[in-house]
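S.K.:
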Amino acid sequence: MRVLLVDDEKEFVTTLAERLTLRGFKVDFATLAHDALALAEKNIYDLAVLDMKMPGTSGLELKGLLQKIQKDLKFIFLTGHGSEADYAAGSSESACYLVKPINIDILIAQMHEAVKP
Amino acid sequence: MRNDAMPVQYDVIGGAGLRFFGKVSASITHELKNVLAIINENAGLLEDLSYAAQRGSAIDPDRLNRACLQFTKQINRADGIMKNMSHFAHSVDAFDGQINLYELTALVANLAGRLAAMRKLTLEVTPPSTPVVFSGNPFLLQNFIWLCLEFAFTATAAGGTLLLSPAKDDGGATLRIGGIDGLDDTFVSQLPAGSEDLLVALGATVSADYHTKELILHLAWRLS
Amino acid sequence: MSILSHFKPAFWQKSELSTGPFRQMFNFRRIWKIAVLATSLVTLIPLIFITSIDYNFTQKSIESENLLRTLRIGSNARRSISFFLSERLSALTFVVRENQLEELSQPEKLSSILTHLSDSFNGFVDLGVIDQNGLQTNYVGPYSLEGKDYSNQGWFKEIQDKGFYISEVFLGYRNVPHLIIAAKHTLPNGSFFVLRAALDTTRFNELLHYFELSGRGDAFLINHEGIIQTPTLYHEPVFEKIPYRVPEYSEHTEIREEKNKVGENIIICSAYIPDSPYILIIVKEKNELMKSWQETRLELIGFLIFSITIILIAILGFSTYMVNSMYLLDQRRLGSLHQAEYSNKLASIGRLAAGVAHEINNPLAIINEKAGLIKDIIVYSNDFPKNPRIVELLDSVLASVERCGKITKRLLGFARHIDSAIENVQLNNIITEVLGFLNKEAEYRSITVNIDFVDNIPEFQSDRGKLQQIFLNIINNAFAAMSNGGRLDIKVRPKGEKNVVASITDNGCGMSESDLGKIFEPFYSTKTKTGGTGLGLSITYGLIKELGGNIDVTSRLGEGSTFTITLPLQLPHKSAEK
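One line per chain: the protein sequences are L, A and Z, in this order.
When we follow the numbering used here, the leftmost residue of the first sequence carries the number 10, and every step to the right adds one.
When we follow the numbering used here, the leftmost residue of the second sequence carries the number 19, and every step to the right adds one.
When we follow the numbering used here, the leftmost residue of the third sequence carries the number 40, and every step to the right adds one.
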């Protein structure tokens, strides 16, 4: 599975990327929204894992922009705020939200779930 | 219900509230620092082991494992602490909100966990038979329960267990704090300044049962 | 004084705060005093005025009635006495006209006439016939006056002119008071004779005591020299002089007021008895006369005092009730403001704490991942532990832990000073501390924060908690006014010897002129769409005032606002510290 990871915390996103790579995923990461969009222009991804809150952009906004580039892209959201997940889960998007710090096994299970046809 | 003829002394309550907030924040911060300290040590330990291994010493896999487990354990612990803090911080958002007495009591018990542990006391919250839900000011209530707990800590011998039982009552809800073996009729004078004003603002009364060694907080709020 | 304290109403205690949004709306003591004073004056002055007019009028009325009554009695008495005297004189006149001198000169005839006169009129004591030479030629009566010569006596001369005579009372023979009346008859041949009679004064005196006089009234006769002629009740005995001035001649009954020997007020009614040497005097004690008035007067005054008391009680009661109600309402209003301040205070701190909790999540997540990766390396690769990545990862963990540490330290520092206390503060530090909590939000929203501090800002005594809240509020507002990518400039400078100035400028949406005038009013909000209560600035204003400072705003719609806060280096003495 080819995954795009986007989070403004560099330490976090690089380490997670490495761990996923060790587990057999093909991972690209970005810390800025426009880098993420640039990557999406160049490569095809199965799934994007986005942070909900980044400087200047929210995760949902970025999702919308990415979907314009790759409309079949699947999404998983990461958030540091428990209540944010509650709020977003109530919205019309049936997306997956995980609260940081995350359990990597759960993340992987959700990733597989998300890309199921 | 609050007696409108008697003005609520918000400046007194405000002072009490701030002190409460300060105490809880300080407690949380200290707990967190402990967690971080442990993580710190474990990281340091692993570093040492790694250096040692690089220089050729043998590694004890158990030690490694334990260190890694510690990480997970402490992270989870920190996570729990931050969840509590988040709940607590949001309890001031609304002056009048929905309160689940059991959840609120459990939160305060969690927040007071470290202080209890320092005195070798255990806090237990028993869930009520039916949910006790009503509207009120969550922060004021937390503040008062905290003050009761602080008092209970001073009046209970080490090794004891304090039992908190929220329950429905005709006319409102009650919270019993049992196991205060040192409870006597001086308890009213031992509650700190601002307690009376908090009670007025809450529309609550507090009494003590010296036989069952219980402090009883009675809330006359509307049950929703 | 505990009884008084029972009655002391709630609004009586002085308010501590006299400025800021939490001052009382009125000076209740003063209002109460003014209300009571004004109402009392308006009700009592007319009441007292009218009562005193009524009092005076009634008093004068009663006085004049007394005088009139006395005057009437005087007139009646004068008439009676005059009648008495003229009646007897007429009897004599009848006798002299009816009888010849020769008859009258006969003792038996005279005696019989005397008897008849005595029976008819009472009081005739003796009877005498006096010839034109003044010699008493015939006499009947208890005294031996036959042959007495009256030619030299004044009255004999008088009677020749006037034709009759009435004497004063005198002590005659046997020291019994009596008076003489005489009638002259002119004979056809030009000569005359006089019939003289002595009257005892008993009937005469009885006349005067017939009049029931109120006011310890004393009625008696005096002669024109003021010698008392008839017995008095309260004055000197007969033949002594009255202690009062003899009234001047008048045809009418006169009345005057005077003071007696002991200084009491008296009324003297006087009437000259015509054709006689007598003056009727009636003396009444004014106080006795006015006695009934005095009782009435007491009742009147008593009623007035009672009314005044009732009115005052009603005024006091009502005013107290009204002002107390105003006070309680105002207290309730203040209570609402206090409640709102309390909410506001905790809300901003709550947000702060929530922000901290959120901030810590990131480093925790990082630690989590790093630790996880270490495990993974152990699991997945063979070259652990020699792998140098391990150390790198662990360093990263340590760095994250340090980061958490900084955040918690910041929170702890804030929590320690959370309660009100006066201490030494360094303004730059406080602003930096507050900004520290808003760092993340600034980062997320790409807001640039520029700090322009100088080193020579002195430390000063102030309330750290209040300063934190003031700046937290202003900077939060600035953030709320700006859209993402905005810019905040904060500048701190000393101002003169005694103050320090902090100015906070944003390039947010700004405010209109009309808004500018109202932003410090409680409940005025332009942020209602984002859930603002409109209280933050009014409370901030109050806090600044409590610290003895000042706040100023300039703004341009669409361009941004600048808040300028001036703080004194010396706290004012009357700071409302609780």
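In this text, a Cβ means the ideal position worked out from N, Cα and C, and glycines have one as well.
Computed from a prediction, not measured in an experiment: that's the story for all the values here.
Z/THR97 to Z/GLU293, Cα distance in whole Å?
M.R.: Going by the C-alpha atoms only, they are around 23 Å apart.
S.K.: Inspect the beta-carbon positions of L/ALA57 and L/LEU13 and report whether they are closer than 8 Å.
M.R.: Yes. Within cutoff.
S.K.: How many Å lie between Z/SER230 and Z/ALA310 at the Cα?
M.R.: Straight-line Cα distance between these residues: approximately 36 Å.
S.K.: Return the chain-ordered ranges of every beta strand (DSSP E) run that is complete within the region 462–508 of chain Z and spans a minimum of 3 residues.
M.R.: You should have 487–491, 499–502.
S.K.: Establish whether the CB of Z/THR567 and some CB of chain A are separated by less than 8 Å.
M.R.: Confidence is the limiting factor: at Z/THR567 the pLDDT is only 44, short of 50, which leaves the residue's position unreliable, though a coordinate-based value still follows. It does not: the Cβ of Z/THR567 has no partner Cβ on chain A nearer than 8 Å.
S.K.: What residues in the region 213–225 of chain A bring their beta carbon closer than 7 Å to a beta carbon of chain Z?
M.R.: Per Cβ criterion, the list is empty.
S.K.: Is there a Cβ from chain L that is less than 8 Å from the Cβ of Z/ALA392?
M.R.: Not closer than 8 Å to any Cβ of chain L, the Cβ of Z/ALA392 fails to qualify, so no.
S.K.: Under a Cβ-count criterion, where at least 16 other Cβ atoms within 10 Å of its own Cβ denotes burial, should Z/GLN500 be classed as buried or exposed?
M.R.: The residue is exposed, with fewer than 16 neighbouring Cβ atoms inside 10 Å.
S.K.: Within its chain, find whatever has a CB closer than 8 Å to the CB of Z/GLY180; leave out the 5 residues flanking it on each side and keep chain order.
M.R.: Once the five neighbours on either side are set aside, the close Cβ partners of Z/GLY180 are LEU153, VAL164, ASP165, LEU166, GLY167, ALA237.
S.K.: If we ignore side chains and look at the alpha-carbon of each, how far apart do Z/LEU412 and A/PRO145 end up?
M.R.: Roughly 40 Å separates the two Cα atoms.
S.K.: Counting Cβ pairs, one atom from each stretch, are 3 or more of them under 8 Å apart for the region 195–212 of chain A and the region 166–180 of chain A?
M.R.: The answer is yes - the region 166–180 of chain A touches the region 195–212 of chain A, with three or more Cβ pairs under 8 Å.
S.K.: Mind checking the region 22–50 of chain L against chain Z and listing, in chain order, the residues whose C-beta falls within less than 7 Å of any C-beta there?
M.R.: Within the region 22–50 of chain L, the residues whose Cβ lies closer than 7 Å to some Cβ of chain Z are THR24, LEU25, GLU27, ARG28, LEU31, listed in chain order.
S.K.: Name, going along the chain, the residues of the region 75–98 of chain A whose beta-carbon falls closer than 8 Å to a beta-carbon of chain Z.
M.R.: Residues ILE77, LEU82, CYS86, PHE89, THR90, ILE93, ALA96, ASP97.
S.K.: On a Cα-Cα basis, can you pick out the residue from Z/ARG595, Z/VAL135, Z/ASP239, Z/GLY256 that is closest to Z/ASN673?
M.R.: Beyond the ends of chain Z as shown, which are 40 and 617, falls residue 673 of chain Z; an answer cannot be given.
S.K.: Let's see if you can read the secondary structure: which residues bound the beta strand (DSSP E) around Z/GLN175?
M.R.: 175–179 is the extent of the beta strand (DSSP E) around Z/GLN175.
S.K.: Among Z/CYS443, Z/ASN515, Z/ILE578, which one has its Cα closest to the Cα of A/ILE56?
M.R.: Minimum Cα distance to A/ILE56 is reached at Z/CYS443.
S.K.: With a cut-off of 8 Å, does the C-beta of L/MET120 fall near any C-beta of chain Z?
M.R.: So no, L/MET120 is outside the interface.
S.K.: My output table needs one value for L/ILE53: the three-state DSSP class, helix, strand or coil.
M.R.: In this structure, L/ILE53 counts as coil in the three-state DSSP scheme.
S.K.: Measuring alpha carbon to alpha carbon, tell me which of A/THR192, A/GLY197, A/ALA191, A/LEU193 ends up nearest A/LEU180.
M.R.: Among A/THR192, A/GLY197, A/ALA191, A/LEU193, the Cα nearest to that of A/LEU180 belongs to A/GLY197.
S.K.: Taking C-beta to C-beta, are Z/LEU252 and Z/LYS323 nearer than 8 Å?
M.R.: It is a contact, given that the beta carbons lie within the stated cut-off.
S.K.: Given that L/GLU18 touches chain Z, what residues does it touch there, using C-beta distances under 9 Å?
M.R.: Result: ASN401, PRO402, ALA404, ILE405.
S.K.: In its own chain, which residues sit with a C-beta less than 8 Å from the C-beta of L/VAL124, not counting the 5 before and 5 after it?
M.R.: For L/VAL124, where only same-chain residues beyond five positions count, the Cβ hits under 8 Å are MET10, ASP55, LEU56, LYS83.
S.K.: Look at the Cβ atom of A/GLY190, then the Cβ atom of A/LEU237, and state whether they are nearer than 8 Å.
M.R.: Going by C-beta atoms, A/GLY190 is nearer than 8 Å to A/LEU237.
S.K.: Using a cut-off of 7 Å between C-beta atoms, extract the partners of Z/GLY389 located in chain A.
M.R.: Under the 7 Å cutoff, chain A gives ALA107, HIS108, VAL110, ASP111.
S.K.: Run through DSSP, which three-state label would Z/PHE259 get?
M.R.: Strand.
S.K.: For chain L, is any of its Cβ atoms less than 8 Å away from the one on Z/LYS445?
M.R.: No, Z/LYS445 lies away from the interface with chain L (no Cβ there is under 8 Å from its Cβ).
S.K.: Buried or exposed: A/LEU87, going by 16 or more other Cβ atoms within 10 Å of its Cβ?
M.R.: Exposed.
S.K.: Name the chain Z residues whose beta carbon is nearer than 8 Å to that of A/ALA130?
M.R.: Per Cβ cutoff of 8 Å: no residues; A/ALA130 is ~15 Å from chain Z at best.
S.K.: Report buried or exposed for Z/TYR419, applying the criterion of at least 16 other Cβ atoms within 10 angstroms of its Cβ.
M.R.: That one is exposed.
S.K.: Take Z/ASN105 as the anchor and find which of Z/HIS224, Z/GLY256, Z/LYS414, Z/PRO146 has the nearest alpha-carbon.
M.R.: Considering only alpha carbons, the answer is Z/GLY256.
S.K.: Please specify which runs of the alpha helix (DSSP H), each continuous and at least 4 residues long, are wholly inside the region 136–187 of chain Z, giving them in chain order.
M.R.: Counting whole runs of 4 or more residues, the region 136–187 of chain Z contains the alpha helix (DSSP H) stretches 140–143, 146–160.
S.K.: Is the region 548–561 of chain Z close to the region 491–499 of chain Z, with three or more CB pairs under 8 Å?
M.R.: Touching, no, given that fewer than three Cβ pairs across the two stretches are closer than 8 Å.
S.K.: Could you check how far apart the C-beta atoms of Z/GLY587 and Z/LEU610 are, in whole angstroms? I think they sit under 8 Å.
M.R.: Sure, about 6 Å apart at Cβ, within 8 Å.
S.K.: Starting from the beta carbon of Z/LYS72, find every residue of chain A whose beta carbon is closer than 8 Å, and list them in chain order.
M.R.: None at all; the shortest Cβ gap to chain A is about 24 Å.
S.K.: Excluding five sequence neighbours on each side, which residues of the same chain lie with their C-beta closer than 7 Å to the C-beta of Z/GLY597?
M.R.: Excluding sequence neighbours, Z/GLY597 sits near CYS548, GLY549.
S.K.: Where does Z/GLN378 fall in DSSP's three states?
M.R.: Z/GLN378 falls in the helix class under three-state DSSP.
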